[in-house]
C-alpha cells in the first residue's frame with residue numbers, strides 16, 4: 001500500500017488541505033492505473049484463449065500427420081498398396097516431412113502460448129500489485145469530504161446534500177429489493193396453487209363428466225384440499241407483498257400500482273373450496289390465480305425499472321460527489 005494513505009482524523013488548516021488533496025490525487029492515480037491494467041489483462045486473456053486454440057489445432061494436425069506416417073511404416077493396406085506401386089519410400093519421406101512441419105508448428109504455437117501466458121501473468125501481477133484501490137480511494141474521498149464539511153461553505157453544503165440524497169436512494173434500494181423478494185415468494189406460491197388447481201380440474205372433469213367412481217371423487221377432494229392450502233399460502237404472500245409495496249411507495253418510488261393492485265390482490269378463498277361441486281368453481285379460482293400472477297409479474301417489472309432508475313441516480317450522485325471533492 002502507498003505510504004500516502006493513513007488512518008486517523010483529517011488534519012486541519014492548510015496541512016489538512018494539502019494532506020487530503022494528496023490522498024485524493026494518489027487515489028485517482030491508482031484508479032487510473034488500475035483501469036489501464038485491467039484493460040491490459042483483458043486483452044492478454046483474449047490472446048491466451050486464441051493461443052491455446054492454436055496449440056490444440058496444431059496438435060490435432062500433428063496427430064493426423066503422425067498417423068499417416070505410422071500407416072506407411074506398419075504392415076497395413078496403405079503400405080502394401082504403396083509397395084505394389086513402387087513409391088512407398090517416396091511417400092514415406094513426404095509424410096515424414098509433413099510430420100516434421102507439424103511438429104515445428106506445434107512447437108511454435110506452444111512458444112507463442114507460453115509468451116501469451118507470461119503476458120497475462122504480468123498483467124495479473126500489475127493488478128494485484130496495486131492492492132485494494134477502491135478501498136484507498138474511498139478512504140481518501142472520505143478524508144477529503146470530512147475536511148471540506150468541517151470547514152463549511154458552499155462545497156460543504158453541497159456535499160451534505162449529496163450525502164443525504166445518497167442515503168435516501170440507498171434506503172430505496174433496500175425497500176425495492178425487499179418488495180421484489182416478496183413478489184418472488186408470492187409468484188412461487190401462486191404458481192404452486194395454479195398447478196394444484198390444474199390437477200383438481202382434471203379430476204373434477206373426470207368425476208363430473210366421465211362418470212368417475214368414488215376413487216375419483218376422493219382424489220378430486222384431496223386435490224381441492226391441497227389447492228385450498230396453497231391458495232391460503234399465496235394469499236398470505238400477496239398480503240405481505242402489498243405491505244412491502246406500501247413501504248416502497250412511502251419512500252417516493254412512484255406509482256407502482258398498490259391502489260389498483262389491491263383489488264386484484266384481495267383474493268380470499270377461505271370459503272370457496274367447501275362449496276365447490278362443479279368444475280365452474282375451480283375454473284373461477286384458476287382465473288383469479290392467473291390474474292394475480294399477471295399482477296405480480298407487472299409489479300416485478302416495475303420494481304426492476306425503478307431499481308435501475310435508483311441505481312442511475314446513485315451513480316450520478318457519486319459522480320457529483322467526486323466532482324466536488326476533486327474541485
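Numbering (the UniProt record's numbering), first residue to last: 1 to 327.
Don't be surprised by glycine CBs; every beta carbon is placed ideally from N, CA and C.
Predicted model only: the values in this text are computed from it and were never measured.
Taking residue i as part of the alpha helix (DSSP H), name the residues at either end of that continuous run.
i, result
"residue 138", "133 to 151"
Which residues in the same chain as residue i place their Cβ atom closer than 8 angstroms to its Cβ, once the five residues preceding and following it in sequence are excluded?
i, result
"residue 62", "99, 102, 103, 105, 106"
"residue 162", "317, 320, 321, 324"
"residue 326", "24, 28"
"residue 18", "none"
"residue 21", "144"
"residue 303", "176, 179, 180, 183, 248, 256"
"residue 127", "34, 37, 38, 41"
"residue 311", "173"
"residue 283", "201"
Among residues of its own chain, excluding the 5 on either side of residue i, which ones have a beta-carbon nearer than 7 angstroms to its beta-carbon?
i, result
"residue 123", "37, 40, 41, 44"
"residue 52", "113"
"residue 233", "189"
"residue 165", "317"
"residue 158", "324"
"residue 149", "156, 159, 160"
"residue 96", "69"
Ordered along the chain, which non-local residues of its own chain (more than five positions away) have a Cβ less than 6 angstroms from that of residue i?
i, result
"residue 48", "116, 117, 120"
"residue 293", "190"
"residue 185", "237"
"residue 314", "169"
"residue 54", "109"
"residue 67", "none"
Problem - Three CB pairs or more closer than 8 angstroms across the segment 126 to 141 and the segment 26 to 35 - result: yes
Handout entry: Three or more C-beta pairs below 8 angstroms linking the segment 181 to 200 and the segment 286 to 306
Key = yes
Exercise for the section: Could I get the ranges of all uninterrupted alpha helix (DSSP H) runs contained in the segment 160 to 206, with 4 residues as the minimum, in chain order? Expected result: none
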